[in-house]
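Colleague: Residue numbers (the working numbering): 48 to 129.
Submitted below is the structure of interest, expressed as structure tokens.
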């Protein structure tokens, strides 16, 4: 079960490379990112545990999206942040 933290739904141009994205997020300093496909191979859900001094979902979403775009050479878009 997921308790707390942030859920970010992202749509990709190409099918998701979950392992590549997870590795890139971890290297960028995000601890324990949980990534999974949902809906289609172009849609992913990123679950981030609560962080100390969390700056808010929108900022976190932008940071995660930047890492995913750079690591996969895509122009992904955030659908929803919760």
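Think of the CB as a built atom: it goes at the ideal place given N, C-alpha and C, for glycine as much as any other residue.
Comparing C-alpha positions only, which one of 74, 73, 116, 105 sits nearest to residue 129?
Modeller: Along the chain shown, read from residue 1 onward, the residue named residue 129 stands at position 82. Nearest to residue 129 by C-alpha distance, out of 74, 73, 116, 105, is 105.
Colleague: Relative to the alpha-carbon of residue 84, which residue among 72, 97, 78, 63 has its alpha-carbon at the smallest distance?
Modeller: Reading the chain shown from its first residue, position 37 is the one you call residue 84. The residue with the shortest Cα to Cα distance from residue 84 is 63.
Colleague: May I ask which residues mark the beginning and end of the beta strand (DSSP E) holding residue 126?
Modeller: On the chain shown, position 79 is the one that residue 126 refers to. Counting along the chain, the beta strand (DSSP E) containing residue 126 begins and ends at 124-128.
Colleague: Which value, in whole angstroms, describes the spacing of the CA atoms of residue 79 and residue 96?
Modeller: As a first step, residue 79 must be located in the chain shown, where it is residue number 32. As a first step, residue 96 must be located in the chain shown, where it is residue number 49. If I take the Cα positions, the gap works out to 7 Å.
Colleague: Alpha carbon to alpha carbon, what distance is there between residue 107 and residue 76?
Modeller: Translated into positions along the chain shown, residue 76 becomes position 29. Translated into positions along the chain shown, residue 107 becomes position 60. Rounded to whole angstroms, residue 76 to residue 107 spans 12 Å at the Cα level.
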